[in-house]
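**Q** Submitted below is the structure of interest, expressed as structure tokens.
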Amino acid sequence: MHPAKPGAKEKLDSIRPALVELSHRIHSKPELGFEEEHASVWLSETLDGAGFRVEKGVAGLPTAFVARAGSGPLHIGICAEYDCLPGIGHACGHNLIAAMSAGAGIAAAKVADELGVTITVLGTPAEEVGNASGKIVMLEGGAFDGLHASMMVHPAPFDVSTMKLIAASMFDACYHGKEAHASAFPEQGINAADALTIAQMSLGLLRQHIRQSDRIHGIVTKGGDAPNIVPAHTSAKYIIRADTLAELEELRERVVRCFEAGALATGSRLEILGGDKPYANVIHDMEMAAIYERNAQAAGRKFADLGPMRDRVAASTDMGNVSHKIPSIHPAIGIDSLPASNHQPEFTAACITAAADQAIYDGALAMAWTIADLATSDQTRSRLMAKH
Ligand SMILES: [Zn+2]
Ligand SMILES: [Zn+2]
């Protein structure tokens, strides 16, 4: 074992209670995407206190930050997420990601000089917003420039080093019709709720003809104001997903036609908002993923063989967009939550248990040790650095 590894572990041991406290604090004050004022300040303060140079409000995003330590030629990024979900708090465990990434950064920074690395912790807001999210805007704004590799670890019911993460696009479909008295003068109305009904029926029929890996799911966000007023304004929020951005674009065209059908049939006007900056599928750097898995096992983690489940359980993340630019990993770490899984209120409760607190430590250690291995293998180091 390279001597940097025990050095990083020793540092992590010393900050373990503070990381758990940070995770619980973020969990107790859930903040939606782009509104993570407290979480981003608490994380920045933690990293500043550990000697990082912190720049807040990067890429025009008030709750984004970049924290840097060390000055070695190999430059590794660790992404910290900290947004919650509407209504159900930290049901995706981003409080754990925040603490884990800060911990990994601080532990790796302790040995940055002996490893010849620069460590950057990127505070990346609004992972759950589904379009033009934190990492996408930060990529466009140059916040990831100069990085040779990037990583983060995401809470889940189980440990997987290369979880399936597919492309996704979130958008709003809005219909504009005309109000009328629903009983006295219905012939004067243009029913925007009927338009939405037809779109949903069309999407239901479309499902027979899409790829098994494609996904379409949505909610009605406005259905009308009163049953005695013909609905003039309705809207829905939808997410479509596919294995790749190219397949997503093919699916998008077909889905848009279903929404157009609603407009055509009712005479209302369709407006589609968003969906212009989709999430890309994650391209796992397989060597980095294998190194992570070995280090996570050394930290005591167990990787189950999920069989066909591995491909069926597919989510999406803006880490995909990062992975198209920089060699990246996005492993999942188990928090012993079953039968609860991500985006359930029961998972929110599971994100502050002893198992979740343990995952902060294990995930941080596995990332710090992965960084040590990336830095000390001549072959890996030159492969990563050759890309820029
Ligand atoms: Zn989520
Ligand atoms: Zn998440």
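Using the numbering used here, you'd call the opening residue of the sequence shown number 23 and step up by one each time.
Note that the Cβ used here is the ideal one computed from N, Cα and C, for glycine as well.
(1) In whole angstroms, give me the CA-to-CA distance for Ser350 and Ala311.
(2) Quick check on this structure: which residue in Cys101, Asn250, Gln319 has the alpha carbon closest to the alpha carbon of Gly211?
(3) Among Met389, Lys31, Glu315, which one has its Cα closest to the Cα of Asp181?
(4) Pull up the CB-CB distance for Ser66 and Lys78, whole angstroms please, since I reckon it's below 8 Å.
(5) Output the distance between the C-alpha atoms of His346 and Val304, rounded to the nearest integer angstrom.
(6) Suppose contacts are defined by Cβ-Cβ distances below 8 Å. Is Met418 in contact with Val80 by that definition?
(7) For Asp194, which of helix, strand or coil comes out of DSSP?
(8) Quick one: give me the first and last residue of the alpha helix (DSSP H) that His60 is part of.
(9) Run through DSSP, which three-state label would Leu411 get?
(10) Quick one: what does DSSP say Glu293 is sitting in, helix, strand or coil?
(11) DSSP state of Met173, grouped into three classes?
(12) Helix or strand or just coil, what does DSSP make of Leu225?
(13) Please confirm if the stretch 45-61 is in contact with the stretch 112-121, defined as three or more CB-CB distances below 8 Å between the two stretches.
(14) As a quick exercise: from Leu295, Arg334, Thr266, Leu273, pick the residue whose alpha carbon is nearest that of Tyr8.
(15) Take Pro253 as the anchor and find which of Leu187, Glu209, Phe325 has the nearest alpha-carbon.
(16) Taking all protein chains shown into account, decide if Gly82 is buried (16 or more other Cβ within 10 angstroms of its Cβ) or exposed.
(17) Please find out if some non-hydrogen atom of ligand 2 comes closer than 7 Å to the beta-carbon of Cys196.
(18) Terminal residues of the continuous alpha helix (DSSP H) containing Arg316?
(19) For Gln169, collect the residues of the same chain with a Cβ closer than 8 Å to its Cβ; drop the 5 residues on either side in sequence, then sort them by chain order.
(20) Determine contact between the stretch 121-132 and the stretch 28-41, defined as no fewer than three beta-carbon pairs at a distance below 8 Å.
(21) So, for Ala377: in the same chain, excluding its five sequence neighbours on each side, which residues have a beta-carbon less than 7 Å away from its beta-carbon?
(22) How close, in whole Å, do the beta carbons of Lys186 and Asp333 come, if the pair is a contact with beta carbons under 8 Å?
(23) Roughly how many whole angstroms lie between the Cα atoms of His176 and Ser36?
(24) Who pairs with Ala264 in a beta bridge, going by DSSP?
(25) Between the stretch 227-246 and the stretch 257-275, can you find at least three pairs of beta-carbon atoms closer than 8 Å?
(26) Leu286 to Ile158, Cα distance in whole Å?
(27) Measuring only the C-alpha atoms, how far is Glu59 from Gly156?
(28) Relative to ligand 2, what is the chain-ordered list of residues with a Cβ closer than 7 Å to any of its non-hydrogen atoms?
(29) Let me confirm a value: Thr68 is counted as buried when at least 16 other C-beta atoms fall within 10 Å, else exposed. Which label applies?
(30) Using only the alpha-carbon positions, how far apart do Val278 and Phe56 sit?
(31) Taking a contact to mean a Cβ-Cβ separation below 8 Å, would you say Gly289 touches Asp194 in this structure?
(32) Measuring alpha carbon to alpha carbon, tell me which of Met331, Thr398, Ser404, Leu406 ends up nearest Ala134.
(33) Alpha carbon to alpha carbon, how far is Ile393 from Arg403? Give it in angstroms, no decimals.
(34) First and last residue of the beta strand (DSSP E) that includes Gly356?
(35) Would you give the residue range spanned by the alpha helix (DSSP H) that Glu43 belongs to?
**A** By the coordinates alone:
(1) 8 Å
(2) Asn250
(3) For the residues Met389, Lys31, Glu315, the minimum Cα distance to Asp181 belongs to Glu315.
(4) 6 Å
(5) 7 Å
(6) Because the chain is modelled from 23 through 410, residue 418 falls outside the range shown and cannot be assessed.
(7) strand
(8) 59-71
(9) What is shown of the chain runs 23 to 410, which leaves residue 411 out entirely.
(10) strand
(11) strand
(12) helix
(13) yes
(14) There is no way to answer for residue 8, as the model of the chain reaches only from 23 to 410.
(15) Glu209
(16) Classification of Gly82: exposed, given that the 10 Å Cβ count is below 16.
(17) no
(18) 308-320
(19) Before going on, a small fix: residue 169 reads as Leu here, not Gln. In its chain, beyond the 5 residues on either side, His97, Ile98, Gly99, Thr142, Ile348 have a beta carbon closer than 8 Å to the beta carbon of Leu169.
(20) A contact exists between the stretch 121-132 and the stretch 28-41.
(21) Ile357, Asp358
(22) 5 Å
(23) 23 Å
(24) Ala189
(25) yes
(26) 34 Å
(27) 14 Å
(28) These are the residues, in chain order, with a beta carbon less than 7 Å from any non-hydrogen atom of ligand 2: Glu103, Cys114, Gly115, His116, Glu149, Glu150, His176, Thr339, Asn364.
(29) buried
(30) Going from the Cα of Val278 to the Cα of Phe56 covers about 28 Å.
(31) no
(32) Thr398
(33) If you take the alpha carbons of Arg403 and Ile393, they lie about 10 Å apart.
(34) 354-356
(35) 26-50 is the span of the alpha helix (DSSP H), which, as asked, contains Glu43.
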